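Under this note's numbering, read the sequence shown as residues 41 to 217, first letter to last. Ideal Cβ placement from N, Cα and C applies to all residues, glycine included. Here the structure is a predicted model, which is why all the values come from computation and not from measurement. In what follows, a structure is listed as structure tokens, so that the remarks can point back to it.
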Amino acid sequence: DLVTFSGDKLLGGPQAGFIVGRRELIAAINRNPLKRALRLDKIRIAALEATLKLYRDPDRLGNRLPTLHFLGRSEAEIAVQADRLAPAVDALLAPHGFSVAACPCRSQVGSGALPVDTIPSAGLRLTGMGGDAPDRLSARLRALPMPVIGHIRDGALILDLRCLDGDAALLEALAAL
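Below, the structure is given as structure tokens:
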């Protein structure tokens, strides 16, 4: 009866591992000599404490913890952002042979924590001429000074906007192509 989970990812704190469970099992783990090598330093403990204190005020948690803020955005809110961004991004990418349209998509919640769980989102669908056009564009976007990360689905590069905080940074990055 042990459970392990991460302190970062969905919790929103520093990178750390938790082991929780029955007292006697935790005591056995504490007796293992490897425990000393795996313990947290004081800075991570302080950062973890600060993160956990945010959970005392659940009504303000989404405003104070970016992870939960982005996960809590509604599909409708993100769709408005996609509709607003699509023409500007299309104007930036048209000279490179790509067209852009707003589209529904699904956000992957967490890789290790929830590897298959997704939530409704919205994004930009970037299509170009040629079968490998999305792969080429994806590589160019990842190589930018501020990388832009998307995923390829059905012959298009999809940029999920769930975690985009404002439009300016994306537009500035794409203008650098």
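- prompt: Mapping DSSP to helix, strand and coil, what is GLN121?
  reply: The sequence position of residue 121 within the sequence shown is 81, counting from 1. DSSP places GLN121 in helix when its eight states are reduced to three.
query: Within this structure, are the beta carbons of GLY171 and GLY137 separated by less than 8 Å?
result: Locating residue 171 in the sequence shown gives position 131, where the first residue counts as 1. Locating residue 137 in the sequence shown gives position 97, where the first residue counts as 1. The Cβ atoms of GLY171 and GLY137 lie no closer than 8 Å to each other.
message: Using a 10 Å radius around the Cβ and a threshold of 16 neighbouring Cβ atoms, would you call ARG165 buried or exposed?
response: Within the sequence shown, the letter at position 125 stands for residue 165. Per the 10 Å Cβ criterion, buried.
- prompt: Do you know how far the Cα of ALA116 is from the Cα of LEU125?
  reply: To locate residue 125, count along the sequence shown from 1; it is residue 85. To locate residue 116, count along the sequence shown from 1; it is residue 76. Rounded to the nearest angstrom, the two C-alpha atoms are 14 Å apart.
Same chain, Cβ closer than 6 Å to ALA173, five either side skipped, listed in chain order: The residue labelled residue 173 in the question sits at position 133 within the sequence shown. Result list for ALA173: empty, nothing under 6 Å.
query: Starting from LEU108 and walking both ways along the alpha helix (DSSP H), at which residues does that stretch end?
result: Within the sequence shown, numbered from 1, the residue matching residue 108 stands at position 68. For LEU108, the enclosing alpha helix (DSSP H) covers residues 106 to 111.
field: PRO73 - DSSP class collapsed to helix/strand/coil
entry: Within the sequence shown, the letter at position 33 stands for residue 73. In the structure shown, PRO73 sits in coil (DSSP, three-state: anything other than H, G, I, E or B).
Unbroken alpha helix (DSSP H) run spanning LEU94, endpoints: Start at 1 with the first residue of the sequence shown, and residue 94 comes out as number 54. Per DSSP, LEU94 belongs to the alpha helix (DSSP H) from 82 to 94.
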